[in-house]
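In the numbering used here, the protein residues as written are 36 to 139. Ideal Cβ positions, reconstructed from N, Cα and C, are used throughout, including at glycine. Since the structure is predicted, the reported quantities are computational estimates derived from the model, not experimental observations. Some notes on the structure that comes next.
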Amino acid sequence: MKIISIDELHDKLEGMGDSDLILDVRTPEEFISGHIKGARNEGHESVAGIADELKSYGTVYVHCKMGGRAKMASEMLEGAGLTNIVCVGNGGMERWGQMGWPTV
36 MKIISIDELH DKLEGMGDSD LILDVRTPEE FISGHIKGAR NEGHESVAGI
86 ADELKSYGTV YVHCKMGGRA KMASEMLEGA GLTNIVCVGN GGMERWGQMG
136 WPTV
(Lines of atoms letter the chains of each structure in order from A and count residues from 1; the text may use other names and numbers.)
(Lines give C-alpha, C1' and ligand atoms only; values in the text may rest on other atoms or scores of the structure.)
Protein backbone atom coordinates (compact mmCIF):
# COMPACT_ATOMS: atom_id res chain seq x y z
CA MET A 1 0.00 0.00 0.00
CA LYS A 2 1.31 3.43 -0.90
CA ILE A 3 1.24 5.79 2.09
CA ILE A 4 1.83 9.54 2.04
CA SER A 5 1.53 12.27 4.66
CA ILE A 6 -1.12 14.96 4.74
CA ASP A 7 1.68 17.43 3.93
CA GLU A 8 2.38 15.50 0.72
CA LEU A 9 -1.32 15.52 -0.17
CA HIS A 10 -1.41 19.29 0.37
CA ASP A 11 1.56 19.67 -1.98
CA LYS A 12 -0.19 17.57 -4.66
CA LEU A 13 -3.49 19.51 -4.61
CA GLU A 14 -2.53 22.18 -7.12
CA GLY A 15 -1.51 19.66 -9.78
CA MET A 16 -4.29 17.18 -9.08
CA GLY A 17 -6.30 16.22 -12.14
CA ASP A 18 -10.04 15.77 -12.54
CA SER A 19 -9.53 12.02 -12.63
CA ASP A 20 -8.21 12.02 -9.04
CA LEU A 21 -10.36 11.88 -5.91
CA ILE A 22 -9.83 12.88 -2.30
CA LEU A 23 -11.89 10.45 -0.21
CA ASP A 24 -12.56 11.62 3.34
CA VAL A 25 -13.52 8.60 5.47
CA ARG A 26 -14.43 10.51 8.63
CA THR A 27 -17.98 10.65 9.97
CA PRO A 28 -20.48 12.95 8.24
CA GLU A 29 -20.38 15.23 11.29
CA GLU A 30 -16.59 15.53 11.09
CA PHE A 31 -16.80 16.15 7.35
CA ILE A 32 -19.39 18.92 7.75
CA SER A 33 -17.26 20.63 10.39
CA GLY A 34 -14.55 21.21 7.76
CA HIS A 35 -13.06 19.32 4.85
CA ILE A 36 -10.67 19.69 1.94
CA LYS A 37 -12.32 21.45 -1.01
CA GLY A 38 -13.55 18.90 -3.54
CA ALA A 39 -13.33 15.94 -1.15
CA ARG A 40 -16.01 13.27 -1.08
CA ASN A 41 -17.21 11.79 2.20
CA GLU A 42 -17.82 8.09 2.74
CA GLY A 43 -17.52 6.46 6.15
CA HIS A 44 -14.55 4.12 6.48
CA GLU A 45 -16.80 1.18 7.32
CA SER A 46 -18.78 1.48 4.07
CA VAL A 47 -16.10 2.14 1.43
CA ALA A 48 -16.25 -1.42 0.10
CA GLY A 49 -19.74 -0.58 -1.19
CA ILE A 50 -18.33 2.04 -3.56
CA ALA A 51 -15.24 0.09 -4.68
CA ASP A 52 -16.48 -0.47 -8.24
CA GLU A 53 -17.18 3.26 -8.65
CA LEU A 54 -13.72 4.19 -7.35
CA LYS A 55 -12.04 2.08 -10.04
CA SER A 56 -12.87 4.83 -12.55
CA TYR A 57 -10.59 7.36 -10.83
CA GLY A 58 -6.91 7.82 -11.61
CA THR A 59 -5.80 8.01 -7.98
CA VAL A 60 -7.94 7.90 -4.85
CA TYR A 61 -6.34 9.64 -1.85
CA VAL A 62 -7.95 8.23 1.31
CA HIS A 63 -7.69 10.33 4.48
CA CYS A 64 -9.29 10.81 7.88
CA LYS A 65 -8.58 12.71 11.11
CA MET A 66 -5.23 11.12 12.00
CA GLY A 67 -4.63 8.15 9.68
CA GLY A 68 -6.11 5.07 11.36
CA ARG A 69 -9.45 4.97 9.55
CA ALA A 70 -7.74 5.87 6.27
CA LYS A 71 -5.49 2.83 6.65
CA MET A 72 -8.44 0.52 7.38
CA ALA A 73 -10.43 1.90 4.43
CA SER A 74 -7.42 1.66 2.10
CA GLU A 75 -6.88 -1.97 3.10
CA MET A 76 -10.56 -2.74 2.41
CA LEU A 77 -10.37 -1.11 -1.02
CA GLU A 78 -7.15 -2.88 -1.95
CA GLY A 79 -8.76 -6.12 -0.77
CA ALA A 80 -11.58 -5.40 -3.23
CA GLY A 81 -9.02 -5.29 -6.04
CA LEU A 82 -8.34 -1.57 -6.39
CA THR A 83 -4.81 -0.59 -7.36
CA ASN A 84 -5.30 3.19 -7.46
CA ILE A 85 -5.44 3.78 -3.70
CA VAL A 86 -3.07 6.08 -1.79
CA CYS A 87 -3.46 6.12 1.99
CA VAL A 88 -2.87 9.48 3.63
CA GLY A 89 -1.58 7.89 6.79
CA ASN A 90 0.29 10.53 8.72
CA GLY A 91 -1.39 13.57 10.22
CA GLY A 92 -4.80 13.70 8.57
CA MET A 93 -7.22 16.55 9.11
CA GLU A 94 -5.85 17.19 12.58
CA ARG A 95 -2.51 18.25 11.07
CA TRP A 96 -4.33 20.05 8.21
CA GLY A 97 -6.02 22.24 10.82
CA GLN A 98 -2.79 22.79 12.77
CA MET A 99 -1.15 24.07 9.59
CA GLY A 100 -4.01 26.51 8.99
CA TRP A 101 -4.72 25.15 5.52
CA PRO A 102 -8.17 26.05 4.13
CA THR A 103 -11.28 23.95 4.58
CA VAL A 104 -14.81 24.33 3.35
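Item	Value
From the DSSP secondary-structure annotation, give me the bridge partner or partners of HIS98.	ASP59
Report the three-state DSSP secondary structure of GLY103 (helix, strand or coil).	helix
Between GLU64 and the rest of its own chain, which residues show a CB-CB distance below 8 angstroms, the 5 nearest in sequence each way excluded?	none
Following the continuous beta strand (DSSP E) through LYS37, name the residue where it begins and the one where it ends.	37–40
Give the DSSP bridge partners of ILE120, in chain order.	VAL95
Return the residue from the list LEU58, GLU43, GLU80, MET107 that minimises the CA-CA distance to TYR92.	LEU58
Taking only the alpha-carbon atoms, compute the straight-line gap between MET107 and ASP42 and give it to the nearest angstrom.	20 angstroms
Please state whether the Cβ-Cβ distance between ILE120 and VAL95 is less than 8 angstroms.	yes
Give me the Cα-Cα distance between GLY116 and GLY124, rounded to the nearest whole angstrom.	20 angstroms
The alpha helix (DSSP H) that contains TRP131, what's its start and end?	127–133
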